[in-house]
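The working numbering runs 30 ahead of the 1-based position in the first sequence. Okay, structure first, notes after.
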Amino acid sequence: MQAQYQPKTLEPAVQKEWADTKAFVAPDASAKPKYYNVGMLPYPSGKLHMGHVRNYSINDALAHFLRMKGFNVLQPMGWDAFGLPAENAAMANGVPPAKWTWENIAYMKRQLQSLGFAIDWTREVATCSPDYYRWNQWFFLRMREKGIAYRKTGTVNWDPVDQTVLANEQVIDGKGWRTGATVEKREIPMWYLRITQYADELVDALDGLAWPEQVKQMQRNWIGRSYGVEFTLPYAEETARRMNDGNKGLKVYTTRADTIMGITFAAVAAEHPLAAEAAKGNPALAAFIEECRKGGVMEADLATMEKKGMPTGLFVLHPFTRKPVEVWVGNYVLMGYGEGAVMAVPGHDERDFAFAKKYGLAITQVIDVDGQPYSTDAWQEWYEAPGVCVNSGKFDGMAQPAAINAVAADLGVMGLGEKRKQFRLRDWGISRQRYWGTPIPMILCPACGDVPVPDDQLPVVLPEDLVPDGSGSPLAKSPAFYQCQCPQCGGDARRETDTMDTFVDSSWYFFRYTCPGAKAMVDARADYWMPMDQYIGGIEHAILHLLYARFWTKAMRDMGLVKVDEPFRNLLTQGMVLNHIFSRRTDKGGIAYFAPEEVEVKADTEGKIASVALRADGSPVDYGGIGTMSKSKRNGVDPQDLIDRYGADTARLYVMFASPPTDTILWSDTSVEGSFRFLKRLWKLVHDHLEAGGPVAGRAPGEAAKELKDLRFKLHRTIDKVGDDYGRRLQFNTAIAAVMELLNALTDVKDASPAARAVAQEVLENAVLLLSPVVPHVTTVLWAELRPGTRLLDQPWPEVDKAALVQDTVELVLQVNGKLRGHVAVPATASKEEIEKAALASEAAVKFMEGKPAKKVVVVPGRLVNIVV
RNA sequence: GCCCGGGUGGCGAAACCGGUAGACGCAGCGGGCUUAAAACCCGCAGCCGAAAGGCGUGCCGGUUCGAAUCCGGCCCCGGGCACCA
């Protein structure tokens with residue numbers, strides 16, 4: 031056996047053996063139970079970053095562990111290959127997105143392979159390949175037939191200079207990222223998917239999922255099912271005349287119908303028809319509405335901006351008092367939300383309260399909570415709490431649920447409203463005015479209207495040679511793409527040039543992995559592998575991706591394509607890998623990012639970052655705090671340096687040992703040395719053991735010395751713990767630490783007897799098995815040395831020897847008044863009374879009780895004794 | 001702003017169900033080996049204190065024989081907010 035641990039030669043050799051034996055190709059049928067294990071597919075941004083290494087190292091450890099536990103494991107991989115970065119790269123370098131993407135895929139695949147992940151590459155999926163996205167198109171048409179896909183207008187960010195739609199990411203402080211122009215809202219027609227039709231099931235089914243509670247809670251809140259009252263505020267006479275829209279009044283929705291008598295005004299969105307009507311002949315209002323168009327559509331921006339409003343001069347009537355209520359235009363009311371109009375009860379809604387204070391509108395208390403004194407001077411938390419109606423006429427004295435029922439009933443009698451369930455969740459807008467995505471398979475015919483592309487003409491292939499220039503969609507400027515004949519009438523028509531949201535691609539790729547080459551979207555093989563047993567990916571996907579994939583699965587089920595209700599049985603959301611962000615505003619008002627290695631950081635005396643300068647020319651750079659590693663912020667760390675220097679096993683061991691998978695981690699490579707050192711140590715231990723007399727077969731007979739018994743105790747406790755950490759806790763740092771402790775204990779035993787050598791062999795073999803899911807290369811080689819003629823890949827997970835875990839005495843912690851004062855050793859079988867007696871008689875107890883009698887003695891078996899005096 | 005997490009030595013962390021705070025590792029310090037360096041090996045190490053001991057898990061308060069862990073309030077950091085993926 032080689033004396034030196036040499037990952038550079040060892041790892042490629044082991045990888046070649048795996049490839050030659052097709053070690054990780056999973057059969058679609060097996061006598062073993064199946065285990066389908068997927069990491070969220072990466073976007074091919076160019077290079078892997080540490081977040082990927084972390085993600086797939088966790089997946090891979092589980093894949094190996096479950097294989098050793100006797101499962102037929104499938105671990106596939108693919109590429110989320112459509113998206114904006116390819117277009118940005120194309121604009122920067124003039125390279126078509128397709129070429130850039132395929133090159134990135136080739137490079138990143140080599141990186142994944144060099145990390146030695148146990149991936150079944152025969153099932154690889156790239157979402158930009160026509161073989162894949164044709165099924166996006168096919169399924170879109172099926173959804174359209176069922177009314178799940180439909181068209182309506184939606185609001186987008188519009189850059190008036192580049193004449194193009196911007197992604198939220200491309201809007202910085204309300205300005206376009208390239209032009210610096212103030213972004214505007216613009217209404218355009220878009221395709222939507224009726225996810226709200228599944229809202230009830232999406233929220234109810236969460237209860238049955240073995241997902242982190244945190245993620246389920248986020249999804250529940252996001253879907254936001256509420257039971258409220260929808261009602262109409264009737265138009266006042268002049269308003270009805272001017273609106274002349276066939277509606278009786280302004281429709282609003284509220285979950286707080288019990289506060290209805292506190293309405294002092296109403297508010298509508300700037301895009302609301304009532305606002306438009308009111309603006310006629312009111313230049314100030316028209317200017318305000320125009321003002322509201324400025325800025326993007328991001329919810330976070332809308333929620334934090336200053337609440338502004340203006341009266342319309344139009345009135346609606348309070349449904350009960352018939353008193354006029356003035357309608358205001360508010361910049362915080364969203365048109366895409368409910369009806370685009372809200373009732374305002376400043377007495378009991380914090381946002382309305384602030385608005386009323388600002389514009390001097392009336393504030394009325396209509397809810398009493400335990401008689402607390404109400405004042406309009408300042409908002410208090412309890413104003414929003416449920417209570418009892420006051421100043422509410424016939425509703426006075428009613429508690430919240432009764433009041434809501436009574437209000438709804440009365441509104442019903444008047445024909446003005448009723449109870450209604452509502453969701454915060456909105457339908458999924460999938461149209462993108464971009465090039466690098468799945469073409470939406472529709473044709474717009476001047477004679478026939480919207481006409482679907484016939485199935486036999488799918489896929490609508492995306493041309494791969496276009497280069498976007500930042501102003502509008504290249505497809506919309508490419509007659510070769512959009513000119514076509516109407517499939518119905520044969521006349522000249524125009525192809526839809528919008529492409530699909532890339533979340534469509536990632537909503538069902540895990541089905542496609544299960545049936546590569548299927549002639550349909552999926553085939554029966556999906557029924558074998560699905561539902562997925564373990565899904566692992568970043569916490570940033572807790573809502574959107576996971577919700578869309580759940581919806582898509584249910585839509586496929588209802589179309590009879592698959593049998594599962596839910597795609598992901600178990601979910602592990604890994605924490606983000608963060609790094610420092612350095613940026614600078616450009617002279618155009620945009621923003622430019624710099625990689626950490628491009629800047630020089632100076633810290634103040636407390637170690638905080640004080641100043642940053644560009645290495646190239648010393649010019650100042652802004653410190654942007656810390657954030658997720660991403661290509662757009664240029665703060666990703668390429669693992670290749672680590673792999674080149676230390677090998678794949680060290681890189682994997684390092685990311686797994688650094689923290690529990692769900693923790694957010696701030697990137698630092700200072701302790702990589704330690705992981706490398708540990709593998710060298712493991713190698714040396716095996717080497718020295720074998721040099722001293724070769725492998726030992728079997729256990730030594732007879733009663734072992736205490737030292738060896740203790741070592742075997744430690745070994746089997748470690749096997750138990752590591753199995754629990756991998757299988758139940760999905761926590762790897764503690765498992766690795768436990769094996770480190772075990773090897774430290776082995777080193778402490780200085781005994782070269784045959785009995786000791788036999789125990790050492792047992793310890794080393796098991797340590798190799800326990801570590802093999804994390805560091806499969808080095809353990810493959812070490813196993814072959816320890817057990818010549820056998821393969822690590824054929825070994826089952828080790829069994830705990832229960833006999834080795836039997837102990838004669840246990841040491842308990844001794845506390846006096848809750849403070850640690852010593853230890854007391856008792857027989858493992860001692861009763862509570864015997865433990866108490868031994869504790870009270872101990873030297874430490876006598877000393878710290880200072881002669882006082884024990885008031886109480888708490889005994890926790892196997893743990894501690896606490897004497898209270 | 002709203003929803004969801006997190007905060008423990010110089011650093012990454014451990015403590016799984018309320019029971020020894022800091023396992024394991026990094027960096028550091030002392031020693032060994034070496035002509036020297038690297039590598040490797042042994043030892044020390046939360047803070048204050050000579051010691052006895054005291055203090056200590058973001059901050060303030062509470063429950064408990066006992067709190068990093070449970071409860072109330074606050075501060076800071078991260079993720080998401082529907083066109084980044």
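Ideal Cβ placement from N, Cα and C applies to all residues, glycine included. Remember, it's a predicted structure, so these values are computed and weren't measured experimentally.
Reference residue i; option with closest CA among the options
i              : options                           : result
arginine 555   : Asp750, Met70, Asp563 and Phe541  : Phe541
valine 779     : Arg742, Gln249, Thr157 and Met686 : Arg742
glycine 366    : Gly184, Asn421, Asp398 and Thr284 : Gly184
alanine 111    : Lys139, Pro74, Ile88 and Ile566   : Pro74
asparagine 774 : Pro650, Phe708 and Glu721         : Phe708
tryptophan 813 : Asp831, Ala833, Ala834 and Gln791 : Gln791
valine 497     : Gly605, Gly568, Glu117 and Gln247 : Glu117
leucine 236    : Trp713, Trp252, Leu223 and Pro303 : Trp252
isoleucine 178 : His853, Met589, Ser861 and Ala788 : Met589
methionine 98  : Trp827, Ala53 and Asn361          : Trp827
alanine 371    : Leu304, Ala727 and Asp652         : Leu304
cysteine 516   : Lys77, Pro690 and Asp480          : Asp480
glycine 500    : Glu301, Asn763 and Asp192         : Asp192
Simplified DSSP state of residue i, which is helix, strand or coil
i                 : result
phenylalanine 687 : helix
aspartate 531     : coil
lysine 281        : strand
tyrosine 653      : strand
leucine 601       : strand
glutamine 564     : strand
proline 72        : coil
proline 784       : helix
alanine 197       : coil
tryptophan 582    : helix
asparagine 665    : coil
glutamate 880     : coil
cysteine 514      : strand
arginine 450      : strand
phenylalanine 169 : helix
Distance between residue j and residue i (C-alpha atoms, nearest Å)
i                 : j              : result
methionine 22     : lysine 751     : In the structure displayed, the chain extends from 31 to 899; residue 22 sits before or after that span and is not available.
glycine 442       : methionine 428 : 18 angstroms
methionine 220    : leucine 96     : 45 angstroms
asparagine 277    : serine 256     : 25 angstroms
tryptophan 409    : glutamate 570  : 34 angstroms
tyrosine 404      : threonine 394  : 10 angstroms
valine 846        : threonine 859  : 23 angstroms
alanine 56        : threonine 544  : 10 angstroms
alanine 270       : valine 396     : 29 angstroms
proline 376       : aspartate 426  : 19 angstroms
glycine 753       : aspartate 693  : 21 angstroms
tyrosine 283      : glutamate 448  : 10 angstroms
valine 667        : glutamate 628  : 13 angstroms
phenylalanine 295 : aspartate 275  : 21 angstroms
proline 509       : serine 503     : 12 angstroms
aspartate 161     : arginine 599   : 27 angstroms
Residue i beta carbon near the ligand SAM (any heavy atom closer than 6 angstroms)
i           : result
proline 725 : Summarising the ligand content, the structure contains no ligands, and the ligand SAM is consequently not present.
May I have a chain-ordered list of the alpha helix (DSSP H) segments no shorter than 4 residues that lie completely inside the stretch 327-365? 329-334
Starting from the N-terminal side, write out each stretch of the beta strand (DSSP E) that is 3 residues or longer and does not extend beyond the stretch 203-259. 214-223
Quick check: the stretch 232-245 against the stretch 260-273, are there 3 or more CB pairs under 8 angstroms? no
Does the pairing of the stretch 523-538 with the stretch 474-490 give three or more beta-carbon distances under 8 angstroms? yes
Counting Cβ pairs, one atom from each stretch, are 3 or more of them under 8 angstroms apart for the stretch 208-228 and the stretch 411-426? no
How do the stretch 63-83 and the stretch 558-565 stand: do at least 3 beta-carbon pairs fall below 8 angstroms, yes or no? yes
Complete beta strand (DSSP E) runs within the stretch 81-124 (minimum length 3 residues, chain order): 102-104
Indicate whether the contact test is met: 3 or more Cβ pairs, each with one atom in the stretch 791-807 and one in the stretch 816-831, closer than 8 angstroms. yes
Between the stretch 341-359 and the stretch 326-333, do at least 3 Cβ pairs fall closer than 8 angstroms? no
Count the CB pairs spanning the stretch 164-183 and the stretch 486-503 that are closer than 8 angstroms, and state whether there are at least three. yes
So, do the stretch 871-880 and the stretch 830-840 have three or more beta carbon pairs nearer to each other than 8 angstroms? no
Fully enclosed by the stretch 815-860, which beta strand (DSSP E) runs are 3 residues long or longer? 839-846 and 849-857
Three or more beta-carbon pairs under 8 angstroms between the stretch 613-628 and the stretch 571-582, yes or no? no
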